[in-house]
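Residue numbers (full-length UniProt numbering), protein chains in the order written: chain A, 1 to 222; chain B, 1 to 218. In this text, a Cβ means the ideal position worked out from N, Cα and C, and glycines have one as well.
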Amino acid sequence: MGYTLDFSVVWHAMPALLWGCVGTLGLALAGMTLAMVIGVAGVAARDSKAAWLRAIVIGFVEVVRNTPFLVQIFFLFFALPLIGLKLNPTATAIIALGVNGGAYAIEIIRGGVQSIHKGQVEAGYALGLHKGQVFRFIVLKPALRAIYPSLTGQFIMLTLTSSICSAVSAYELTSVAQRIESDTFRSFEVYFSVTFLYLAISWLLMLGFAAISHRFFSYPTR
Amino acid sequence: MTPHFGLPEFGFLLRGLQWTVLLTLVAFAGGCTAGLAVALLRTCGHKGVEWATRIYIGIFQGTPLLLQLFVVYYGLALTGLKLDAFVAVAIGFTVNASAFLGEIWRGAIEAVPRGQTEAAMALGLHYSSRMRDIVLPQAIRISLPATIGYLVQLIKGTSLAAIVGFIELARAGQIVSNQTFQPLLVFGVVGAMYFILCWPLSWWGSRMEARLALASQR
Numbered sequence: 001m002g003y004t005l006d007f008s009v010v011w012h013a014m015p016a017l018l019w020g021c022v023g024t025l026g027l028a029l030a031g032m033t034l035a036m037v038i039g040v041a042g043v044a045a046r047d048s049k050a051a052w053l054r055a056i057v058i059g060f061v062e063v064v065r066n067t068p069f070l071v072q073i074f075f076l077f078f079a080l081p082l083i084g085l086k087l088n089p090t091a092t093a094i095i096a097l098g099v100n101g102g103a104y105a106i107e108i109i110r111g112g113v114q115s116i117h118k119g120q121v122e123a124g125y126a127l128g129l130h131k132g133q134v135f136r137f138i139v140l141k142p143a144l145r146a147i148y149p150s151l152t153g154q155f156i157m158l159t160l161t162s163s164i165c166s167a168v169s170a171y172e173l174t175s176v177a178q179r180i181e182s183d184t185f186r187s188f189e190v191y192f193s194v195t196f197l198y199l200a201i202s203w204l205l206m207l208g209f210a211a212i213s214h215r216f217f218s219y220p221t222r
Numbered sequence: 001m002t003p004h005f006g007l008p009e010f011g012f013l014l015r016g017l018q019w020t021v022l023l024t025l026v027a028f029a030g031g032c033t034a035g036l037a038v039a040l041l042r043t044c045g046h047k048g049v050e051w052a053t054r055i056y057i058g059i060f061q062g063t064p065l066l067l068q069l070f071v072v073y074y075g076l077a078l079t080g081l082k083l084d085a086f087v088a089v090a091i092g093f094t095v096n097a098s099a100f101l102g103e104i105w106r107g108a109i110e111a112v113p114r115g116q117t118e119a120a121m122a123l124g125l126h127y128s129s130r131m132r133d134i135v136l137p138q139a140i141r142i143s144l145p146a147t148i149g150y151l152v153q154l155i156k157g158t159s160l161a162a163i164v165g166f167i168e169l170a171r172a173g174q175i176v177s178n179q180t181f182q183p184l185l186v187f188g189v190v191g192a193m194y195f196i197l198c199w200p201l202s203w204w205g206s207r208m209e210a211r212l213a214l215a216s217q218r
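Given below as structure tokens:
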């Protein structure tokens, strides 16, 4: 008893915490970029003619989706040096986020590609559009529109997941918070405030994504 | 002398697995109870209450599970209650589950055709019987795939208890890995254990989802 809450330590540490937010956003952005690359490549491989390639992709997706991110990042942390990649913790975290997000991206992108009806493409050719136009207006844009909500939702989830990268002491918000906590012993105040910084980050992302969607995808479909 | 990864180490991991399962079961049971309350409040028709539960759900969906655990863990410590680490993390996961399950079931309750509620009202059923006998049985069916999906999330999420120091499967893995210096083998085995736990559930969930989609196509 007799504990009085003292949020002034959080206030003093605000510049460091805000830089932590930048670190978190950078980590998530880099991770999501890698995830998109893995996602597109994975979708191509998932529908390839080689059965072994399809099996690898399916296995990859199932393994990643059914194991915890914490175990994945620990595994990669020790596995990457063995294949000659001696990376700092932040780079390791980016790869882990990319691998994790990539598995989910494969499923999402695949759903988007499948949502384009074959007849639409044929209709495009019948109207005299050339190959590039068909891809851009009939396949890519509607597919992007179809997967946009789940993809951006996944991006926000990945941003929240990136907090786990503090376990390998990558530079991001939670590891900054842990350092401040061990300096000040104000565990509750620090983590309570940082939780709301994360909330602000995910709200800002949500608003930003909604604005982008409004700008590019608000056209009638019927 | 460093021990190699052998039977005793495997046994230690299995005991960690036991705690993971127990933690998941406790949090899921608690989360189901509290989540039902959240879902009912979220759909009760009172504007203020609906907004309050909406914000409650929004906070848990918009913040990392790890930070939620930290806040609950250190917040409970501040109250002066001397709680066991298991109880503290179980409370953390329960609160998280209540928000996520509450949102899943809110969606399911709203997906039950409105005519069902209207017919029940016309028959003179009051709220509790309308919910218990008409709406919820149908909503549970609709929500089952998403609920199982969340259960898988929860199993994976309990690994974060390792970071606050509770010895479940992931933490047991860290300990054995530090003792044996065989991190790849140890985390490979740990990952396989999680996979064996989660994959059948995922498979069951997506199969049920496909079936429900087929049923609603008619």
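query                                                                                                                                                                       : result
Tell me where the alpha helix (DSSP H) around B/Arg-132 begins and ends.                                                                                                    : Where B/Arg-132 is concerned, there is no enclosing alpha helix (DSSP H), given that its DSSP letter is neither H nor E.
Would B/Cys-198 be called buried (16 or more neighbouring beta carbons within 10 Å of its own) or exposed?                                                                  : buried
Would you check if there are 3 or more beta carbon pairs closer than 8 Å linking the stretch 91-106 of chain A to the stretch 27-43 of chain A?                             : yes
As an exercise, report each continuous alpha helix (DSSP H) stretch of at least 4 residues that is fully enclosed by the stretch 51-103 of chain B, in chain order.         : 65-78
Please identify, using Cβ separations under 7 Å, the residues of the stretch 37-59 of chain B that lie next to chain A, in order along the chain.                           : Ile-59
Counting only Cβ pairs nearer than 9 Å, list the residues of chain B close to A/Trp-19.                                                                                     : Here the premise fails: no neighbours, minimum Cβ distance about 18 Å.
Three-state secondary structure (DSSP) at A/Ile-56?                                                                                                                         : helix
Taking the Cβ atom as the reference point for each residue, do B/Leu-41 and B/Thr-53 lie within a distance shorter than 8 Å?                                                : yes
How about A/Gln-154 and A/Tyr-191: are their beta carbons less than 8 Å apart?                                                                                              : no
Return no unless some Cβ of chain B is closer than 8 Å to the Cβ of residue 223 of chain A.                                                                                 : In the structure displayed, chain A extends from 1 to 222; residue 223 of chain A sits before or after that span and is not available.
I'd like to know whether the C-beta atoms of A/Phe-188 and B/Gly-173 end up nearer to each other than 8 Å.                                                                  : no
Against chain A, does B/Thr-63 count as a neighbour if the rule is that its beta carbon must be under 8 Å from one of theirs?                                               : yes
In three-state DSSP terms, what is A/Lys-49?                                                                                                                                : coil
For B/Gln-68, return the contacting residues in chain A, with the cut-off set at a CB-CB distance below 8 Å.                                                                : Thr-195
Count Cβ pairs between the stretch 70-90 of chain B and the stretch 180-194 of chain B that sit closer than 8 Å; are there 3 or more?                                       : no
Could you check where the alpha helix (DSSP H) with A/Leu-140 kicks off and where it finishes?                                                                              : First-last for A/Leu-140: undefined, no H or E at that position.
Can you list, in chain order, the residues of its chain with a C-beta nearer than 6 Å to that of A/Phe-77? Leave out the 5 residues immediately preceding and following it. : Thr-92 and Val-168
Beta-carbon within less than 8 Å of B/Ile-167's beta-carbon, same chain only, minus the 5 sequence neighbours each way: which residues are those?                           : Gly-16, Trp-19 and Ile-175
Report buried or exposed for B/Thr-63, applying the criterion of at least 16 other Cβ atoms within 10 angstroms of its Cβ.                                                  : buried
Could you tell me whether any Cβ in chain B is nearer than 8 Å to the Cβ of A/Thr-174?                                                                                      : yes
If we count the other Cβ atoms within 10 Å of its Cβ and call it buried at 16 or more, is B/Val-152 buried or exposed?                                                      : buried
With three or more C-beta pairs closer than 8 Å as the rule, is the stretch 100-111 of chain B touching the stretch 139-156 of chain B?                                     : yes
Anything in the stretch 196-207 of chain A with a Cβ closer than 7 Å to a Cβ of chain B? List those residues in chain order, please.                                        : Tyr-198, Leu-199, Ser-202 and Trp-203
In or out: B/Arg-171 buried (at least 16 other Cβ within 10 Å) or exposed?                                                                                                  : buried
Mind listing which residues of the stretch 88-105 of chain A have their C-beta closer than 7 Å to chain B's C-betas, in chain order?                                        : none
Among the residues of its own chain, which have a CB less than 8 Å from the CB of B/Ala-37, if the five just before and after it don't count?                               : Ser-98 and Gly-102
Tell me which residues share the same chain as B/Val-190 and place their Cβ nearer than 7 Å to its Cβ, disregarding the 5 neighbours each side in the sequence.             : Leu-13, Leu-169, Ala-170 and Gly-173
Under 7 Å between beta-carbons, which chain A residues line up against B/Gly-75? List them in chain order, please.                                                          : Phe-188
List, in chain order, every chain A residue whose beta-carbon is nearer than 7 Å to that of residue 219 of chain B.                                                         : Since the first residue of chain B shown is 1 and the last is 218, residue 219 of chain B is not available in this structure.
Would you call the stretch 108-128 of chain A and the stretch 84-91 of chain A in contact, with 3 or more CB pairs under 8 Å?                                               : no
Let me know the secondary structure DSSP gives B/Val-49 once reduced to three states.                                                                                       : helix
If you check the beta carbons only, do B/Ile-104 and B/Ala-146 fall under 8 Å apart?                                                                                        : yes
Quick check on DSSP: helix, strand or coil for A/Ser-175?                                                                                                                   : helix
How about B/Leu-101: is its C-beta nearer than 8 Å to some C-beta of chain A?                                                                                               : no
Do you know how far the Cα of A/Trp-203 is from the Cα of B/Pro-137?                                                                                                        : 34 Å
Output the distance between the C-alpha atoms of B/Tyr-150 and B/Phe-100, rounded to the nearest integer angstrom.                                                          : 8 Å
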